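First up is the structure itself, then whatever we jot down about it.
2 protein chains.
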Amino acid sequence: MDSVQIIEIKENVLADNGLEAQRIRRQLKEEKTFLLNLMSSPGSGKTTTLLRTIEHLKNDLRIGVMEADIDSAVDAEAIAATSVKSVQLHTGGMCHLDAGMTEQGLQALGTEDLDLAILENVGNLVCPAEFDTGAVQNAMILSVPEGHDKPLKYPLIFTVCDVLLINKIDVLPYFDFDMKKVVEYAHMRNPRLKIFPISAKTGEGLGAWCHWLWEQVDTWQTS
Amino acid sequence: MDSVQIIEIKENVLADNGLEAQRIRRQLKEEKTFLLNLMSSPGSGKTTTLLRTIEHLKNDLRIGVMEADIDSAVDAEAIAATSVKSVQLHTGGMCHLDAGMTEQGLQALGTEDLDLAILENVGNLVCPAEFDTGAVQNAMILSVPEGHDKPLKYPLIFTVCDVLLINKIDVLPYFDFDMKKVVEYAHMRNPRLKIFPISAKTGEGLGAWCHWLWEQVDTWQTS
């Protein structure tokens, strides 16, 4: 088992989360580090998708990962095994991360030598969507077994995300999941949402997603 | 499309949620109404499981359902089609229900003529676990695609539940889900947790679960 640095993060007492998030983004811009906030339900495949994404991009980008969890370090151990820099953030029961909590993670991770920092947020479609973490872009995973009606039921997260990964497309034959409808519903919430159908298990669709992510990092660093 | 009563519930301002929950349970005991609080991640199959459960029990019990959602009425419409009494609760963005919010739902539903009232809580493994709703028992659904490590990552909800339904066992062949491990992890959190593997899609395991639920209602009404 790989040894993982575990950070017990404290709840933010700042009055203005939005201002703090802007401050984080300015700092990241100076350091040329792109921060991606990755959100989803529990069990949609965040960690497996991250492992695949790291595999695709680790020769081109210096990557660091913050694994936020209420408890346990199972995800951070999986990430640590890839040899990219990682820390485990324990939220002490909190259901989301805000900008101040994210900053504690960024400081523990150390971002000055990173092109891409990824925050794996707490598995939850409700609360994380309400807090700007200071990320440059927000990504969300929805997995096929969860159903195509989720943009109707959890509107905010689809509105605040820049990109949606529809994961577990390898099990499409076994579920009543309507890809056309989910795209229609998601675009109802957010017409600019970029959507990639993927299977983190088989690798299908990962190339297109990783190329897009690489382009976002490149634009952030050079524009 | 069936017409559904939609209740915009307001956040509770009561200082002591626990006291309010006890008050609700005393009232339910007098009315001989059993309240089940059903929790899970988004997309684990709460509504389909409810539809199956209603089908099994509607000849023996007078059932009413409260569908809590941040937005939309798609679940309540599905329940209304079964002809059991139902209301849709809109939480206005709130990620959970507390006792005061549940009581607004119970009043809208009307419980004096019900044996079994079911609250389908907001899809979320974190926040709903923190609030006693006044339910007689708490049930949770974990679905196979979510993975067997969830009791390690979301400890509280497994601790506060009386019964765990492991849903979507029809797709076990397509996922790396270890039934022995999930039972071991869940019992680590809560040795008294009753566990039923089910498939709401095929109906497998539903009989045992519904018989157990019927027994709980009967005990509540007669003891």
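Residue numbers (this note's numbering), protein chains in the order written: chain A, 1 to 223; chain B, 224 to 446.
All C-beta atoms in this analysis are idealised placements derived from N, C-alpha and C, irrespective of residue type, glycine included.
Keep in mind that this is a model prediction, so the values were computed, not measured.
The beta carbon of B:GLU343 does not come within 8 Å of any beta carbon belonging to chain A, so the residue lies off that interface. Under the criterion of beta carbons closer than 8 Å, A:LEU28 and A:ILE118 do not qualify as touching, at roughly 13 Å. Residues of chain A with a Cβ closer than 8 Å to the Cβ of B:CYS318 are, in chain order, CYS95, ASN124, VAL126, CYS127. Collapsing the DSSP output to three states places B:GLU231 in a strand. Nearest Cα to B:ALA291 within the set B:THR445, B:TYR397, B:GLU369, B:VAL227: B:VAL227.
Residue contact check for A:LEU152 against chain B: a CB pair falls below 8 Å. Between B:THR305 and B:ALA423 a beta carbon distance of about 14 Å is seen, past the 8 Å cut, so the two are scored as non-contacting. Around the beta carbon of A:ARG52, 16 or more other beta carbons lie within 10 angstroms, which makes this residue buried. In the DSSP assignment, B:GLY316 falls outside any alpha helix (DSSP H), carrying neither H nor E.
A:LYS10 has a beta carbon lying at 8 Å or more from every beta carbon in chain B. Inter-segment contact for the stretch 321-338 of chain B and the stretch 242-249 of chain B is present: three or more beta-carbon pairs are separated by less than 8 Å. Closer than 8 Å to the CB of A:TYR174 there is at least one CB belonging to chain B. Between A:ASP71 and B:LYS373, the beta carbon gap of about 11 Å keeps them out of contact (Cβ cut-off 8 Å). In this structure, B:HIS319 and B:PRO351 form a Cβ contact; the two beta carbons are roughly 4 Å apart against a cut-off of 8 Å.
Listed along the chain, the chain B residues whose CB falls inside 9 Å of the CB of A:VAL171 are PRO368, VAL394, TYR397, PHE398.
The alpha-carbon of B:ALA303 is positioned some 24 Å away from that of A:PHE175.
In this structure the stretch 109-117 of chain A does not touch the stretch 332-348 of chain B; the number of beta carbon pairs closer than 8 Å is below three. With respect to chain A, the C-beta atom of B:VAL297 has a partner C-beta closer than 8 Å.
Residue-level contact check: A:SER86 does not touch chain B, since none of the beta carbons of chain B fall below 8 Å from its beta carbon. The beta-carbon of A:SER199 is placed no less than 8 Å from the nearest beta-carbon of chain B. When secondary structure is reduced to three states using DSSP, A:LEU125 falls in the coil class, being assigned neither helix nor strand.
Straight through space, the alpha carbons of A:GLU55 and A:GLU77 are spaced by roughly 16 Å. Listed along the chain, the chain A residues whose CB falls inside 9 Å of the CB of B:LYS404 amount to none; the nearest CB is some 12 Å away.
Following the DSSP letters along the chain, one finds B:VAL383 in no beta strand (DSSP E) but inside the alpha helix (DSSP H) bounded by residues 378-383.
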